[in-house]
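K.L.:
Okay, handing you the structure first.
Number of protein chains: 2
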Amino acid sequence: MTTTREKILATTSQLMEAQGYSATGLNQIIEESGSPKGSLYYYFPEGKEQLTEEAIRQAGEMISEQMTAMLDAEENLAEAFGGFVDALSQRLLSSGCRLGGPLTTVALETANTSPRVNQVCQEMYRTWQEIFRARLERGGFSAERAASLAVFINAAIEGGIILSRTRHTAEPLLQVARELRLLLSTE
Amino acid sequence: MTTTREKILATTSQLMEAQGYSATGLNQIIEESGSPKGSLYYYFPEGKEQLTEEAIRQAGEMISEQMTAMLDAEENLAEAFGGFVDALSQRLLSSGCRLGGPLTTVALETANTSPRVNQVCQEMYRTWQEIFRARLERGGFSAERAASLAVFINAAIEGGIILSRTRHTAEPLLQVARELRLLLSTE
DNA sequence: GTCTATATGCAGATAGAC
DNA sequence: GTCTATCTGCATATAGAC
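Structure follows, in structure tokens:
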């Protein structure tokens, strides 16, 4: 069952992923989700920031789950990460290079303007890095190396998303996948 | 001599780097630059998109020059790239983690909404990657490996900027610098 | 829970005086 | 070249009926 509240949240994260925070209006969210217009402030009385916070958290946690599942399913370390980034670029490609990174744009836009949204973005990035770190340590890296590499991998992926979305091709992100495979198999 | 036109351009790229495209209003640009209000549409008759295009190009080319200079000045390959990223994080830090990457935010925001701005962002990223590629080839990498690594390095840097701005610390970008040093000295 | 109507403000852009 | 005034539209948010 999909409640009105859930439809609003799903539409919000999708639109914000594609357009960013400022460019996404509440009217557009209502319209696109086909939700009753009066419901938005009923479910999210604190307005756009509250709505965004919840949407970002939900989208971030969905990625976390997919990430954990994929990294655990593959025994080989390099292939585990390579495969995960391949999956991301698949998602990017099948959306016409519009979707890619539910946090990326919003995190940048709100870093210095909305403490509330910034907080949840920090939290999500930390969660992802922790998942990476744990998998790297399990794959044989020392605690220290794993922690540093986790941040680096996170950065490479986010940057790959920027380049792919700007160039309207999955190629940059696929190159990131290839380089990560090399990096993790040689070390 | 700083003309009115130049002041408007400089203020635009600075504000957009910190706040993004949508969040930066023309009124704010006028106000902050201390420019005569009537001048904006005199110098940039095609409006916000034209202004942004020129501001992004100017800022991107400034980075290109600094990049070329720094990469050429250091003989050791790993240190050349490491030092350049260190310099970026220095810039980020001294702006209170607000500035960092004149393209990053704007490139994401306008990727699917303004062909004109998107075009110049693509152009600038290509230019940077070409500079990286040439330096990597000069440092001993094959043509093919250099091209692929150049994109990867570009991605890691842009992603490091996202993480640093989100977390309000230079640390992530500094970690990128460290990992790049490792990557380029072992291969 | 959902509706309509609306308050309020700022956005980008334009016109015309000087 | 610069200024002021203004058009038009959409943004977030709120009030109150049903």
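Keeping their order, the protein sequence lines are chains A and B.
The first sequence begins at 1 in the working numbering and counts up by one.
The second sequence begins at 1 in the working numbering and counts up by one.
Idealized CB from N, CA, C, for every residue including glycine.
Predicted model, so just to flag it, every value in this text is computed and none were measured.
Can you grab the Cα-Cα spacing for the pair B/Pro102 / B/Thr3, in whole Å?
P.N.:
22 Å
K.L.:
Which residues in the same chain as A/Ala87 place their Cβ atom closer than 8 Å to its Cβ, once the five residues preceding and following it in sequence are excluded?
P.N.:
Gln66 and Met70
K.L.:
Which same chain residues, not among the five before or five after B/Glu137, have their C-beta less than 7 Å away from its C-beta?
P.N.:
Ala143 and Ala146
K.L.:
Considering only their Cβ atoms, is the gap separating B/Gly82 from B/Leu180 smaller than 8 Å?
P.N.:
yes
K.L.:
Does A/Val151 have its Cβ less than 8 Å from a Cβ in chain B?
P.N.:
yes
K.L.:
Distance cutoff 8 Å, beta carbons only. Does A/Ala134 sit that close to anything in chain B?
P.N.:
No - not a single Cβ of chain B is within 8 Å of the one on A/Ala134.
K.L.:
Which whole runs of the alpha helix (DSSP H) in the region 100–129 of chain B are 4 residues long or more, in chain order?
P.N.:
104–110
K.L.:
If you follow the alpha helix (DSSP H) that A/Phe81 is in, where does it begin and where does it stop?
P.N.:
If you look at A/Phe81, you'll find it in the alpha helix (DSSP H) that goes Leu77 to Leu93.
K.L.:
Classify A/Arg126: buried if its beta carbon has 16 or more other beta carbons within 10 angstroms, exposed otherwise.
P.N.:
exposed
K.L.:
Contact criterion: CB-CB distance below 8 Å. Does B/Ile157 meet it with respect to chain A?
P.N.:
yes
K.L.:
From B/Ile157 to B/Gly60, what distance separates their C-alpha atoms?
P.N.:
15 Å
K.L.:
Less than 8 Å separating the beta-carbons of A/Ala55 and A/Thr12?
P.N.:
In contact: A/Ala55 and A/Thr12 (Cβ atoms closer than 8 Å).
K.L.:
Can you list the residues of chain B that A/Thr12 reaches, using a CB-CB cut of under 9 Å?
P.N.:
In chain order: nothing, as chain B lies at least about 16 Å away.
K.L.:
Is B/Pro102 close to chain A? Criterion is C-beta to C-beta, closer than 8 Å.
P.N.:
no
K.L.:
The alpha helix (DSSP H) spanning B/Ser64 covers which residue range?
P.N.:
Run containing B/Ser64: Lys48 to Ala73, per the alpha helix (DSSP H) assignment.
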